[in-house]
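*Asks:* Below you will find the structure I want to go over with you.
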Ligand SMILES: NC(=O)c1ccc[n+]([C@@H]2O[C@H](COP(=O)([O-])OP(=O)(O)OC[C@H]3O[C@@H](n4cnc5c(N)ncnc54)[C@H](OP(=O)(O)O)[C@@H]3O)[C@@H](O)[C@H]2O)c1
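Numbering (the working numbering), first residue to last: 5 to 331.
Structure below.
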């Protein structure tokens, strides 16, 4: 495993880290013992950074990470998120009382006195234009409840606005072979300001593993069934917002570019690592075997310029018109 510095936090974190949404819920049935085994496998492979949220399984994901901390001695970092407990999910809800209450709940779930990294959880765009929200987070840092804070965003424009606030140390954004726009403008600006970047949905919800077909069946409580068109939350979070059929066709072309001995999932992760602005990718995983496969991407040789160009051409030709202008 190789490590990169997470912006001005100064932390050295694993370039392949762990996304803990699926072990909380919304991805079909999960078994806590298997999820814990996946978390242990991550630590065994050198992962030292885990991304979760208070709403993943209503705290189940955070509690599994607390359990992991009890069972292991290694130091690892946990990034969690707040805001999505709001119902309705409005900018006004991002106030001192609510944020403080959400954070207190996460502290309990994670069984700790201070959160390593708290991210606003894809708030309404309006929140980025309210300095007082970031002021509340500054106060929570001063009070010792948060070590650092950052944002998880839907859009490049939100990311650019968020990093104007000096307290924002990290940005989590969808970045993968099907979502290339962040590399255009945002990465350069983030590097200039020494912002840590977490590349989420790196496998386009599993589509970029190459295992999903037209015949694949998803459980009723799997967002790949219930949120394909944005019925429950931003449609960009499911298959990166790429139309399913188009995605499958592009995946067939990407398969021809997989380096010998590697898998498409590993190519997808390796592609992300080619961008030095990215601190880490946070693939979600439910099983130890997936974790091991994902971690191995850190050991792959860098991709050739020719391969990068071909991937760019597949994106430009088939995917870009579907996603580029939206996020
Ligand atoms: N708004 C936000 O802030 C937000 C939104 C989305 C995600 N996130 C974060 O980003 C993380 C990653 O995104 P994601 O989990 O949505 O999507 P992802 O990482 O693109 O896809 C994860 C899914 O792909 C499958 N998978 C993983 N490794 C695989 C492998 N080696 N081979 C085949 N299949 C594999 C697994 O599902 P199956 O085994 O069921 O196929 C897994 O749950 C999340 O866990 C979460 O921490 C944050």
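For each residue, glycine too, the CB sits at the ideal point set by N, CA and C.
1) Between residue 336 and residue 296, which are expected to be in contact by the criterion C-beta below 8 angstroms, what is the C-beta distance as a whole number of angstroms?
2) Output the boundary residues of the beta strand (DSSP E) element that contains residue 55.
3) Could you tell me the alpha carbon to alpha carbon distance between residue 272 and residue 42, rounded to whole angstroms?
4) Of the choices 116, 239 and 294, whose alpha-carbon is the least far from that of residue 327?
5) Residues in its own chain within less than 8 angstroms of residue 145 by CB, not counting five upstream and five downstream?
6) Flag residue 113 as yes when its Cβ comes closer than 6 angstroms to any non-hydrogen atom of ligand 1, and as no otherwise.
7) Along the chain, where does the alpha helix (DSSP H) containing residue 316 start, and where does it finish?
8) Which residues in the same chain as residue 332 place their Cβ atom closer than 8 angstroms to its Cβ, once the five residues preceding and following it in sequence are excluded?
9) With 16 other CB atoms within 10 Å as the buried threshold, where does residue 329 fall?
10) Please classify residue 269 as buried or exposed, where buried requires at least 16 other C-beta atoms within 10 Å of its C-beta.
11) In chain order, what residues of the same chain have a beta carbon less than 8 angstroms from the beta carbon of residue 135, not counting five sequence neighbours either side?
12) Under 8 angstroms Cβ to Cβ from residue 290, same chain only, skipping five residues before and after it: list those, please.
13) Judging by CA-CA distance, which residue of 182, 294, 187 and 200 is the nearest neighbour of residue 248?
14) Less than 6 angstroms between the CB of residue 204 and some heavy atom of ligand 1, yes or no?
15) Is residue 299 helix, strand or coil by DSSP?
16) Which whole-angstrom value describes the C-beta separation of residue 69 and residue 114, a residue pair presumed to lie in contact below a C-beta threshold of 8 angstroms?
17) For the segment 55-137, list the alpha helix (DSSP H) runs that are entirely contained and at least 4 residues long, ordered along the chain.
18) Between the segment 310-321 and the segment 48-55, do at least 3 Cβ pairs fall closer than 8 angstroms?
19) Using the rule of at least 16 other Cβ atoms within 10 Å of the residue's Cβ for burial, across every protein chain shown, is residue 258 buried or exposed?
20) Candidates 20, 241, 324 and 81: which alpha carbon is nearest residue 250's?
*Replies:* Reading from the atomic positions:
1) The structure shown does not extend to residue 336, since the chain is modelled only from 5 through 331, so no value can be given for it.
2) Start and end: 53-55.
3) Rounded to the nearest whole angstrom, the C-alpha separation of residue 272 and residue 42 is 20 angstroms.
4) Cα-wise, what sits closest to residue 327 is 239.
5) Correct list, in chain order: 151, 152, 153 and 171.
6) If you check the C-beta of residue 113 against ligand 1, you find no heavy atom less than 6 angstroms away.
7) Unbroken alpha helix (DSSP H) run through residue 316: 309-318.
8) For residue 332 there is no data in the structure shown, the boundaries of the chain being 5 and 331.
9) Counting the other CB atoms within 10 Å of its CB gives residue 329 a total below 16, which places it among the exposed residues.
10) Counting Cβ neighbours within 10 Å, residue 269 comes out buried, since at least 16 surround it.
11) Here the set comprises 169.
12) Taken in chain order, the residues that qualify are 26, 27, 31, 34, 38, 39 and 42.
13) The candidate whose alpha carbon is nearest that of residue 248 is 182.
14) Checking the Cβ of residue 204 against ligand 1 gives yes.
15) Residue 299 falls in the helix class under three-state DSSP.
16) Taking C-beta atoms under 8 angstroms as the contact rule, residue 69 and residue 114 qualify, at a distance of about 6 angstroms.
17) Within the segment 55-137, the complete alpha helix (DSSP H) runs of at least 4 residues are 64-75 and 100-113.
18) Judged by pairs of C-beta atoms under 8 angstroms, the segment 310-321 does not touch the segment 48-55, as fewer than three such pairs exist.
19) Buried: at least 16 other Cβ atoms inside 10 Å.
20) Closest option to residue 250, Cα to Cα, is 324.
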